[in-house]
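J.: Under the working numbering, the first residue of the sequence shown carries the number 371, and numbering increases by one thereafter.
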Amino acid sequence: MHHRADALWFHRARPDTFGMRAAPRFAMDFHVITLFPEMFESPFGGGMIGRAIEQGIIVLHVHALRPYGLGKYRQVDDAPYGGGSGMVMRPEPLAAAIDAVAEEHPGVWKVLMTPQGEVFDQAIAREFSARPGAILLIAGRYEGIDERVRAMVDQEISIGDYVLSGGELAAMVVIEATGRLLAGVLGNPESLKEESFGERTLEYPHYTRPEEFRGMRVPEVLLSGDHGKIRAWREAEARRRTARRRPDLLERRKF
Ligand code: 9D3
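1) For residue 463, report the span of its alpha helix (DSSP H) as first-last.
2) Would you kindly work out how many angstroms separate the C-alpha atoms of residue 514 and residue 594, rounded to a whole number?
3) State the Cα-Cα distance for the pair residue 601 and residue 537, rounded to the nearest angstrom.
4) Could you compute how far the alpha carbon of residue 502 sits from the alpha carbon of residue 458?
5) Please look up how many angstroms separate the CB atoms of residue 545 and residue 419, rounded, as I've assumed it's under 8 Å.
6) How many Å lie between residue 589 and residue 612 at the Cα?
7) Could you tell me how far apart the beta carbons of residue 436 and residue 405 are, in whole angstroms, since I believe they sit closer than 8 Å?
8) Should residue 607 and residue 574 be called a contact, given that it needs their Cβ atoms to be closer than 8 Å?
9) Could you tell me if residue 424 is buried or exposed, where buried requires 16 or more neighbouring beta carbons within 10 angstroms of its beta carbon?
10) Should residue 494 and residue 480 be called a contact, given that it needs their Cβ atoms to be closer than 8 Å?
11) For residue 588, is the beta carbon positioned less than 7 Å from some heavy atom of the ligand 9D3?
12) So, helix, strand or coil for residue 499, using DSSP?
13) Determine the closest residue to residue 456 out of 462, 448 and 463, with distance taken between C-alpha atoms.
14) In angstroms, rounded to a whole number, what distance separates the CA positions of residue 596 and residue 605?
15) Would the C-beta of residue 458 count as close to the ligand 9D3, meaning under 7 Å from any of its heavy atoms?
16) Just to confirm before moving on: does the CB-CB distance between residue 433 and residue 475 stay below 8 Å?
17) Quick one: what does DSSP say residue 480 is sitting in, helix, strand or coil?
18) Spatial neighbours of residue 524 within its chain, please: CB distance less than 6 Å, with the 5 preceding and 5 following residues excluded, ordered by chain position.
19) Just grab the DSSP bridge partners of residue 587 for me.
Printed below as a string of structure tokens:
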């Protein structure tokens with residue numbers, strides 16, 4: 371029953387829940403509140419996260435904000451008090467949607483996706499993957515969200531210093547980075563690898579066949595079969611590359 375076709379059928383039958391729970395050893399529930407639920411349909415269709423959803427290791431619940439909108443037109447935004455350009459998301463629809471999720475999942479960790487949040491990194495991904503309960507990601511649109519919504523959330527997260535049109539892609543980044551750390555996703559060799567010396571550095575350079583490509587040869591050491599020498603070369607290359615490109619990583623915490 372773990373075929374893509376089944377997952378798609380399920381998806382049509384229950385449009386707000388992707389993936390089915392097949393008694394996994396360990397599962398994580400992500401909830402997303404968004405004005406654009408369709409945006410979450412294809413990104414997780416393939417690859418590691420798609421498989422994890424099919425296997426029930428990750429359960430993704432997408433909650434459309436529009437039905438919580440106000441009045442006949444299900445309005446979710448309004449002009450800013452004090453004037454200025456652009457629209458602001460009204461607090462009531464967001465509050466109603468957040469409350470609805472929280473009622474079903476008491477103790478759900480509520481995260482507002484906002485350019486003003488703390489910058490998401492691997493350490494936060496690891497914290498999220500270790501959380502016992504569900505995680506709710508709230509994706510905003512328009513110029514901003516009414517300030518009073520902040521009082522309803524546990525954490526505010528940005529994915530970096532660039533301007534997106536809304537929080538949806540940012541929420542997907544969080545789901546991807548967190549989801550791949552879960553036990554069972556890719557069977558775990560990845561998380562073991564991440565405990566190695568690669569922790570505070572960029573990766574060493576990788577090569578595969580052919581030995582020569584457009585005049586560029588694979589470094590001889592990698593063909594030597596001397597695993598001690600190979601390991602030393604890789605560590606040195608990783609460190610050199612990190613010092614050049616990302617010196618900030620060398621003095622920072624974990625990664
Ligand atoms: C044009 C309006 N912007 C002034 C520079 C403010 C602004 C409001 C809303 C900028 C972006 C957004 C929408 N972005 C997000 O909701 C968002 C986001 C992002 O833009 N960058 C990085 N992380 C995130 S998390 C949510």
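Where a beta carbon is used, it is the ideal one built from N, C-alpha and C, also for glycine.
T.: In terms of the structure at hand:
1) Looking at the DSSP string, the run of the alpha helix (DSSP H) that includes residue 463 is 461-474.
2) Between residue 514 and residue 594, the C-alpha separation is close to 57 Å.
3) One C-alpha to the other measures close to 41 Å.
4) Rounded to the nearest whole angstrom, the CA to CA distance from residue 502 to residue 458 is 33 Å.
5) Sure, about 7 Å apart at Cβ, within 8 Å.
6) Taking the CA atoms as reference points, residue 589 sits about 19 Å from residue 612.
7) Between residue 436 and residue 405 a beta carbon distance of about 6 Å is seen, short of the 8 Å cut, so the two are scored as contacting.
8) With contacts defined by Cβ atoms closer than 8 Å, residue 607 and residue 574 form a contacting pair.
9) Residue environment: residue 424 is assigned as buried (16 or more neighbouring CB atoms within 10 Å of its CB, all protein chains considered).
10) Not in contact: residue 494 and residue 480 (Cβ atoms no closer than 8 Å).
11) Taking the Cβ of residue 588 as the reference point, every heavy atom of the ligand 9D3 lies at 7 Å or farther away.
12) Taken through DSSP and simplified to helix, strand or coil, residue 499 comes out as helix.
13) For residue 456, the nearest C-alpha among the options comes from 448.
14) Each residue's alpha carbon lies about 14 Å from the other.
15) Not so, every heavy atom of the ligand 9D3 lies at least 7 Å from the Cβ.
16) No.
17) In the structure shown, residue 480 sits in a strand (DSSP, three-state: E or B).
18) Around residue 524: 479 and 480.
19) Paired residue(s): 582.
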